[in-house]
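S.K.:
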Amino acid sequence: MNKYLILLILLIMPLNSLAQQQMANQIFNFVVPVTYFVDHVKQLALLTNNLIKYRQTSIVRQFGIRDKKK
810 MNKYLILLIL LIMPLNSLAQ QQMANQIFNF VVPVTYFVDH VKQLALLTNN
860 LIKYRQTSIV RQFGIRDKKK
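Read in the numbering used here, the sequence shown has 836 at position 27, and its numbers run on one by one without any break.
#1: Which of the three DSSP states is assigned to Met810 in this structure?
#2: Note down, in chain order, each residue of its chain lying with its Cβ closer than 7 Å to the Cβ of Asp848, except the 5 sequence neighbours on either side.
#3: If we ignore side chains and look at the alpha-carbon of each, how far apart do Tyr863 and Thr857 end up?
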């Protein structure tokens, strides 16, 4: 009886690790970082700091979510 129990456990363990790996992949694919919310205060502080420090700065692109008013 103990041999069958050990054999059953040995057969179930790899299946369990496969299920855990698939679940981890699903969770990883489910959680997508949000990149469209930008901390503009931090960017403006960096621009101000660069202006004071180097007396020059550049803005490549800065935009936000705005309401369209007609």
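Heads up, the beta-carbon is just placed ideally off N, CA and C, and yes, glycines get one too.
M.R.: Checking against the coordinates, here is how it stands:
#1: In this structure, Met810 counts as coil in the three-state DSSP scheme.
#2: Counting only residues of its own chain and dropping the five nearest sequence neighbours on each side, Asp848 has no CB closer than 7 Å to any other CB.
#3: 10 Å
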